[in-house]
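full-length UniProt numbering puts the first residue of the sequence shown at 1, with every later residue one more than the last.
For each residue, glycine too, the CB sits at the ideal point set by N, CA and C.
Only a predicted model underlies this, so the values are computations on that prediction, with no experimental measurement involved.
Report on the following structure.
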Amino acid sequence: MSAVLQERRERVFLILAGTFLAAMTLLNVIGITRFIHIGPMALAVGVLPYPLTFLCTDLICELYGKARANFLVSVGLGLNFLILLVLFLGGAIPAVAPEQMPPWQVLQLAEPVALPNGDIVEGSVEFYQLIYATTSGAVFASMLAYITAQYCDVQLFHFWKRVTKGKYLWVRNNFSTLMSQMVDSVMVITVTFGAAFLRGDIAFKAMLVLIGSNYLFKATVALLDTGPFYLAVHYLRRYLHLGPSEYAIPNDTERTPSTATA
């Protein structure tokens, strides 16, 4: 393999990996800080970029193989831990003196507010405390859902690829993503709001609405990205000089059965 071609393949992987990690980080940073309506769906704003993670892992599975996809998922898990560590340190390190605080650092509340972590705050509260309360639990929940759903997506993608003998690209793309996103939607909502549900702060019906809306959005995006996925695979295989049975890894050490995609 020429040095130019190898660099081209690594650059494409870097773009896909960067998009994956950026979408995952956005999910954790903005998380449940705001809920929005898209048609009949009630969604946490952090869910908006998340379907990109499944598209990226499917493309990496198809072009680079299972090992590269699992490696990227593991890197993402490490970044989740880093986010939690930074959130913890931000809350543990003492704040500056009140007279040195910028005016927006402390908010005045008109009435007591129940935070997602179970704390009840009243009077004044640091803006960071609100951010920490709405993101730390969501990050922990997304970590559990992330590690389960993303590894599930990689395994299912290659399972369907073996079952179909490398044919029917749409089968492994859609079936792996739809099944893994169901796992993700159920886990992230139940872990994030489980404590609030047990305290009686959120109704079971509301939990079901959140799970249903979460999955409906992800499933809709997954089905809509079938066309772009086909185009991306077709273009990238030509751009990376790959045959239908090749992976874009150094020395082509990992291959799939020599069958064409359909």
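Among residues of its own chain, excluding the 5 on either side of residue i, which ones have a beta-carbon nearer than 7 Å to its beta-carbon?
{"i": "T19", "result": "L52, C56"}
{"i": "residue 314", "result": "The structure shown does not extend to residue 314, since the chain is modelled only from 1 through 262, so no value can be given for it."}
{"i": "L43", "result": "F35, I36, S213, N214, F217"}
Quick check on DSSP: helix, strand or coil for residue i?
{"i": "E126", "result": "strand"}
{"i": "V188", "result": "helix"}
{"i": "H241", "result": "coil"}
{"i": "I249", "result": "coil"}
{"i": "M182", "result": "helix"}
{"i": "M101", "result": "coil"}
{"i": "L43", "result": "strand"}
{"i": "T259", "result": "Unreliable placement is indicated for T259, whose pLDDT of 40 sits below 50; the coordinate value is still reported in the next sentence. Reduced to three states, the DSSP call for T259 is coil."}
{"i": "L109", "result": "coil"}
{"i": "E254", "result": "Here the model assigns E254 a pLDDT of 48, short of 50, so the residue's position is not dependable, and the following value carries that caveat. Coil at E254, not helix or strand."}
Ignore the nearest five residues each way along the sequence and tell me which others in residue i's own chain have a CB closer than 6 Å to its CB.
{"i": "W170", "result": "T226"}
{"i": "R255", "result": "At R255 the pLDDT is 47, less than 50, meaning the model places this residue with poor confidence; the figure from the coordinates comes in the next sentence. S245."}
{"i": "N80", "result": "M143"}
{"i": "S124", "result": "V106, Q108"}
Consider the C-beta atom of residue i and the heavy atoms of the ligand ADP; say whether any pair is separated by less than 7 Å.
{"i": "Y168", "result": "Among the components modelled here there is no ligand, and therefore nothing to report on the ligand ADP."}
Tell me whether residue i is buried or exposed, calling it buried when 16 or more other Cβ atoms sit within 10 Å of its Cβ.
{"i": "F193", "result": "buried"}
{"i": "L87", "result": "buried"}
{"i": "D252", "result": "Confidence is the limiting factor: at D252 the pLDDT is only 44, short of 50, which leaves the residue's position unreliable, though a coordinate-based value still follows. Counting Cβ neighbours within 10 Å, D252 comes out exposed, since fewer than 16 surround it."}
{"i": "V188", "result": "buried"}
{"i": "K161", "result": "buried"}
{"i": "M101", "result": "exposed"}
{"i": "F13", "result": "buried"}
{"i": "R68", "result": "buried"}
{"i": "A203", "result": "exposed"}
{"i": "I38", "result": "exposed"}
Starting from residue i, follow the alpha helix (DSSP H) in both directions and report where the run begins and ends.
{"i": "V4", "result": "3 to 30"}
{"i": "A69", "result": "66 to 92"}
{"i": "I211", "result": "204 to 224"}
Please list the terminal residues of the continuous beta strand (DSSP E) segment that includes residue i.
{"i": "residue 266", "result": "The chain is shown only over 1 to 262; residue 266 falls outside these bounds and no answer can be derived."}
Within the same chain, show all residues whose beta-carbon is closer than 8 Å to that of residue i, passing over the 5 residues directly before and after it, in chain order.
{"i": "P98", "result": "V106"}
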